[in-house]
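Please read the structure below before turning to the comments.
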Amino acid sequence: MKKLGPSALALLTPVHLLLFLAITLPSLFVFWMSLNESTYGVEATFVGLRNYAAVLTDPYFWRAAGNTFVVTNVVVYIEILIGLALALLFKSGLPFRKLMFAIVLMPYAVSEVVGVLAWKILMDPAHGAIGRTLADLGLALNWSASPTQGLVLVSIISVWQHLPFTFLLLYAGLLAIPLSVYEAANIDGASALQTFFRITLPLLVPTLLIVVIFRLIFAIRMFSEVWLLTKGGPARLTEVLSVYLYQGAFRNGDFGAAAATGWLMVVSSLAIAAFYLYQMQKRIAAENA
Amino acid sequence: MKIIRRVKASLAGFALGLLSLQVAAQDKKPETTLTVLSHKVHEISARGLAAGTTGGDIAGEWAARNNVKLVWITADIDPMHDRLLRELALRSTSIDLAFVINKYATPRMSRLLEPLNDWERRALIEDFAGIPANLIASLTYNKSLFAIPFRHATTGLHYNEALLKERGFTGPPRTPDEVVDYARKMTFTRPDGTKVNGLTVPAGAGPFAVLSLLNMFGAELMDQNLNVKVNSPQMIRALGMLHTLYKEGVLPSNYATLSIDEVITSVQTGQAAIAFDPFARYTIYNDPKKSKYPGQIKVIPIPADPASGRKVVAMTEIWAAAIPKNSAHKELAWSLIRELSSPANTIRAALNGNGPVRPAAYDDARLKERLPYTQEEAVAIAQATTIPSSYDASAQVNTIFMEESQAAVLGLKTPEAAAASMEKRIVPLVKR
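Those protein sequences? They're chains A and B, same order as listed. Using the working numbering, read the first sequence as starting at 22 and increasing by one per residue. Using the working numbering, read the second sequence as starting at 422 and increasing by one per residue.
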């Protein structure tokens, strides 16, 4: 591996310093806080791993973790399926492509809070345009009373909000596949399905892995969809991990337990990312072999 | 020559003008910025910002007299207190004056606020004795007064008179059983297709309004001595009643997430016939610009169970002005508190829509004339109780109450199980 010279190191230093100050240092502070009992206006007291033990034995944490696991997986994989379908549609040639592009990207241009509140108003079972229409059709979605339906609506909103990100990455990945491969498949007489499963999908796997890593990490941190829609209710049944953390820190003033929850979230995100990064690394190594 | 004389005279006048401007600038002290953190409602009542109110800009006049630039930071109740607690934990804060609600006024917070006893001795609040002693006591820990009451929000029973007439009622309900009966009969679909819920309450916004509703059946979270009363036959009966009303569609289907704004909209549009909400909501419910029923949304005190020996029940929340210990402008902040707390300004703020903490304000003729609901409010406030918060886990207890009561009302738990679980979880927190 080529060694970095002093000028390269000097150029890299500001970025690393910034990352250290903005990410590493606060993370270390949060870790230190997770080992202390801490609240507003009171000196922190070292308690070792007691906060981790308290969080890990709290049934509400496990319920929030379960909800996060289910919602994250549903959202990420549905988003990839729709994003892939859209990307294929765009690649195959679509009338009014620019207009359609703008429509698909629109949710990304809307502020997350505004987007969720607009959905909340539209889906209000009594007064909302969509909520009332669904109720009149006999398909009432009572998301504020039923935890399952609440999480379904959270998933729908999350998919709607983040689909442009997934779509853009997958579309870029599709465009990067050389046309000559498709021409060869055409000459060999491959059907559309064979072309998709034998050419498009295998060549898109690196992009898919990146999409999965990013979206899983983002989705694990999901907060505004749940907080603005249900605040984790009814009866804390739709709580996800970041809402559990927020309640602990800013409602109960228990910063130690909240910091421990934050670190547990970081560790689970790292574990998921590590799995997918390992798969990527293995694939790259196989290709280079 | 004439021209030269005129030029000389003009120059002399100009120089004199400059000199006087300089003297004036030297006399005038630089403007001080005083930052207030509160709910929007405090700014509205202290500054007369709501259309049609007549109390005027009390804080603005004080600021002009004292060469102060007032910066008002407002937020909803929970985020506002989050911000305040974080500011209080810092070495110094830009917040000079904050309005705190009693449910957050825990011993932990009080330790971070300036003790006001000495300030009160040095510069008296006019007719301090006119503020009820029980309100002052609820803002005192270890003999240290940490906030001055400014506003009360007391729950009443709001009803849509037009809708009541439409269903054949000639007056509002006068007993808890009648409230339930009315609410059931007021749940209907109007000829224009509007679905009306007989009863609504901002159940997603916190325990206050829900507890008022439960209180009508004699149920309470805890008494004023912090004895937890949540697992009582009254609570079980009340939760059971709410569950039945929810199943019957009398309470809105989105009961658990109902916000204050959603309740306001449903009352203004005639989609709710009866609402349990603070008296002061009267103005907004009857706002001719926003309400379909201006002047027809009336409010009365919540009727009590005749067996209880009381005529009405009411829960009240107290907002009080406090000075952070780490504030840089304590003197000015105290001066503004004194100004806002005077008997005359209490009435002016009430004319701006504030719940006056001085009972004498209710005798004011202007208040009687302009805000008729205040006479009903005076009846309610005489009986009102607060949710005690003189323990640090107050916010946690509120969360537990919300969780368990929602579970019972929506049918996720039996009322018996919810009440037992509340008791089991709340008692250790209160006693800690």
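Each residue gets a CB set at the ideal place from its N, CA and C atoms; glycine is no exception.
| Using a beta-carbon distance below 8 Å, is Ala696(B) in contact with chain A? | no
| task | Determine contact between the segment 284-300 of chain A and the segment 95-106 of chain A, defined as no fewer than three beta-carbon pairs at a distance below 8 Å. | result | In this structure the segment 284-300 of chain A does not lie against the segment 95-106 of chain A, because fewer than three pairs of beta carbons, one per stretch, are closer than 8 Å.
| Under the three-state reduction of DSSP, which class applies to Leu200(A): helix, strand or coil? | helix
| request: Kindly indicate which residue of Lys650(B), Arg611(B), Ile522(B) has the alpha-carbon position closest to the one of Phe567(B). | output: Ile522(B)
| message | Along the chain, where does the alpha helix (DSSP H) containing Val649(B) start, and where does it finish? | response | Unbroken run through Val649(B): none, as it is neither H nor E.
| message | In this structure, how does DSSP classify Asp726(B) when only helix, strand and coil are distinguished? | response | coil
| field | Span of the alpha helix (DSSP H), counted from its first residue to its last, around Ser289(A) | value | 276-309
| For Thr576(B), which of Gly776(B), Leu584(B), Ala742(B) has the nearest alpha-carbon? | Shortest Cα-Cα distance from Thr576(B) to any of Gly776(B), Leu584(B), Ala742(B) involves Gly776(B).
| Extent of the continuous beta strand (DSSP E) run through Lys490(B) | 489-495
| said: Whole angstroms are fine: how far does the CA of Asn57(A) sit from the CA of Val68(A)? | reply: 5 Å
| message | Considering just the uninterrupted stretch of the alpha helix (DSSP H) at Glu587(B), what are its terminal residues? | response | Per DSSP, Glu587(B) belongs to the alpha helix (DSSP H) from 582-587.
| request: Note down, in chain order, every chain B residue with its Cβ under 8 Å from the Cβ of Thr154(A). | output: The contacting residues do not exist; Thr154(A) stays about 13 Å from chain B at best.
| task | Decide if Leu172(A) is buried, meaning its Cβ has at least 16 other Cβ atoms within 10 Å, or exposed. | result | Counting Cβ neighbours within 10 Å, Leu172(A) comes out buried, since at least 16 surround it.
| How many Å lie between Ala295(A) and Val489(B) at the Cα? | 57 Å
| query | Apart from the five residues on each side of it in sequence, which residues of its chain come closer than 6 Å, Cβ to Cβ, to Ala841(B)? | reply | Asn652
| message | Tell me which residue opens and which closes the alpha helix (DSSP H) that Asp598(B) is part of. | response | Judged by DSSP secondary structure, Asp598(B) falls within the alpha helix (DSSP H) whose first and last residues are 597-606.
| task | Check whether the Cβ atoms of Ala108(A) and Leu195(A) sit closer than 8 Å, and answer yes or no. | result | yes
| task | For Tyr562(B), I'd like the list of residues in its chain whose CB is within less than 6 Å of its CB, leaving aside the five on either flank, ordered along the chain. | result | Pro528, Ser531
| query | Rounded to a whole number of angstroms, what is the C-alpha to C-alpha distance between Ala801(B) and Ile723(B)? | reply | 8 Å
| query | So, helix, strand or coil for Gly774(B), using DSSP? | reply | coil
| Could you check where the beta strand (DSSP E) with Asp708(B) kicks off and where it finishes? | Note, Asp708(B): premise wrong, no beta strand (DSSP E); not H, not E.
| Excluding sequence positions up to five away, which residues of its chain have a Cβ less than 8 Å from the Cβ of Ile178(A)? | Gly136, Val137, Trp140, Glu246, Leu250
| request: Mind checking the segment 649-682 of chain B against chain A and listing, in chain order, the residues whose C-beta falls within less than 9 Å of any C-beta there? | output: Tyr667, Pro673, Ser674, Asn675, Tyr676, Ala677, Thr678, Leu679
| message | Tell me the rounded alpha-carbon separation between Val91(A) and Phe549(B). | response | 58 Å
| Are the segment 589-596 of chain B and the segment 666-673 of chain B touching, with three or more C-beta to C-beta distances below 8 Å? | Judged by Cβ distances under 8 Å, the segment 589-596 of chain B makes no contact with the segment 666-673 of chain B, as fewer than three pairs qualify.
| Where does Leu13(A) sit, in a helix, a strand or coil, going by DSSP? | For chain A, the structure presents residues 22 to 310; residue 13(A) sits outside this window and is missing.
| message | In this structure, how does DSSP classify Phe67(A) when only helix, strand and coil are distinguished? | response | strand
| task | State the beta-bridge partners of Val457(B) as determined by DSSP. | result | Trp493(B), Leu518(B)
| field | From Val848(B), Ser748(B), Lys834(B), Gly691(B), residue whose alpha carbon lies closest to that of Glu587(B) | value | Gly691(B)
| So Ile695(B) is in the beta strand (DSSP E); what residue range does that whole segment cover? | 693-699
| What in chain B is Cβ-close to Arg272(A), meaning under 9 Å? | Asp499, Asp503, Ala816, Gln817, Asn819, Thr820
| Would you report the Cα separation of Glu541(B) and Met736(B), rounded to the nearest angstrom? | 29 Å
| said: Looking at chain B, is there any beta carbon in it that lies within less than 8 Å of the beta carbon of Tyr265(A)? | reply: no
| task | Report yes or no: is there a C-beta of chain B within less than 8 Å of the C-beta of Ala256(A)? | result | yes
| said: Suppose you measure from the CA of Thr475(B) to the CA of Thr835(B); what does that come to, to the nearest Å? | reply: 50 Å
| request: Report the option in Trp740(B), Ala677(B), Asn707(B), His750(B) whose CA atom is closest to the CA atom of Thr686(B). | output: Asn707(B)
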